[in-house]
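Colleague:
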Amino acid sequence: PALPEPEPEPQIEVIAVDVEPPVRRRRRRSRSRSRSRSRSHHTERDKEVYIERDRFIPVPVPVPVPVPVEPRYDTYRYVEGPRRHIPPPPPRRLIAEDEREHITINVDDRRRTREYYQR
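Using this note's numbering, read the sequence shown as starting at 63 and increasing by one per residue.
1) Compute the distance between the beta-carbons of Ile-113 and Ala-64, then report whether it is under 8 Å.
2) Just to check my reading of the structure: Val-111 and Glu-82 have Cβ atoms closer than 8 Å, yes? What is that Cβ distance to the nearest angstrom?
3) Give the DSSP bridge partners of Tyr-112, in chain order.
4) For Lys-109, tell me which candidate among Arg-115, Pro-133, Asp-80 and Val-129 has the shortest Cα-Cα distance.
5) To the nearest angstrom, how far is the alpha carbon of Gln-73 from that of Glu-67?
6) Using 8 Å as the threshold, is the C-beta distance between Arg-115 and Glu-69 below it?
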């Protein structure tokens, strides 16, 4: 993909200007030089250092995104073949009321009577 054209940079905002102190050189001044000449020479040695404010430019960075992992399922294949014969369950034997043992439990604190049939 084509990158968009960067915006033109605005003027630099200057926060502070640092002036280095003059370096004192030990040199004998000859009296023949005039003071005005030495003064102009002195101002040439002062250096100005500009401190610029940092500009943060947003840059797209690839970020690892958590990808949801699908749960693993057991897979089955369907195969054509003869059907298995499953025998039907044996018929249930009907129990007559007379064959059961009748138990009656009286619970006095609840004032209930429950009846249980035991096979």
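Just so it is clear, CB atoms sit at the ideal spot from N, CA and C, and this is done for glycine as well.
Modeller: Reading from the atomic positions:
1) no
2) 7 Å
3) Val-79
4) Asp-80
5) 18 Å
6) No.
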